[in-house]
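Before any comments, here is the structure.
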Amino acid sequence: GTQICWCVSAQWLEVQVANLTSPQRWVQYLRLLRESIWPGGVLPKFPRPARTREQKVATEKQALQSLVGVLPDFVVEILGVNRCQLSWGLVLESLQQPLINRHLIFCLGDIILEFLDLSASAEESATTTSASDTPGNPKRMGVSP
Numbered sequence: 001g002t003q004i005c006w007c008v009s010a011q012w013l014e015v016q017v018a019n020l021t022s023p024q025r026w027v028q029y030l031r032l033l034r035e036s037i038w039p040g041g042v043l044p045k046f047p048r049p050a051r052t053r054e055q056k057v058a059t060e061k062q063a064l065q066s067l068v069g070v071l072p073d074f075v076v077e078i079l080g081v082n083r084c085q086l087s088w089g090l091v092l093e094s095l096q097q098p099l100i101n102r103h104l105i106f107c108l109g110d111i112i113l114e115f116l117d118l119s120a121s122a123e124e125s126a127t128t129t130s131a132s133d134t135p136g137n138p139k140r141m142g143v144s145p
């Protein structure tokens, strides 16, 4: 019984991670990031006003509810709502640490750059393969452009 539950939840988690890290999702994440930094493609003239403590607490509660809502019902039933909120609360709390945030941003940046480089390399190899027979082609001579 427990092993079947574990296999099902591991499979569910694998599918969710694959979905959340798909190229379409990365495009969506980058668009959201761009829009949050440059709304409408223009930098704001004035910084946003500082949020009050009440606003921060309300946002945290809303985030916890949203994150618990992402979990399948059987996980919430097994762990209980309080444990799920506590777990997600620890995740949110850890994301408030500047060192962890910096490391996370660098790791995500590396992943994105690696993904974009692989995509660009695949496209480049497809276009340069037909041009490799051209005399004077820098790639053919072993010279990078």
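Once you know that position 13 of the sequence shown is 13 in the UniProt record's numbering, the rest is easy, because the numbers rise by one and skip nothing. Don't be surprised by glycine CBs; every beta carbon is placed ideally from N, CA and C.
Which residues bound the alpha helix (DSSP H) around residue i?
i, result
"proline 23", "23-37"
"leucine 90", "81-94"
"residue 148", "The first residue shown for the chain is 1 and the last is 145, placing residue 148 beyond what the model contains."
Exposed or buried, residue i, counting other C-beta atoms within 10 Å across all chains shown (16 or more means buried)?
i, result
"cysteine 84", "buried"
"glutamine 3", "exposed"
"leucine 108", "exposed"
"leucine 64", "buried"
Verify whether the separation of the beta carbon atoms of residue i and residue j is less than 8 Å.
i, j, result
"isoleucine 57", "tryptophan 88", "Reading off the sequence shown, one finds valine at residue 57, where the question assumed isoleucine. Their beta carbons are not under 8 Å apart, which means valine 57 does not touch tryptophan 88 by this criterion."
"valine 81", "serine 9", "no"
"tryptophan 12", "proline 98", "no"
Can at least three beta-carbon pairs, one atom from the segment 24-34 and one from the segment 89-97, be found at a separation below 8 Å?
no
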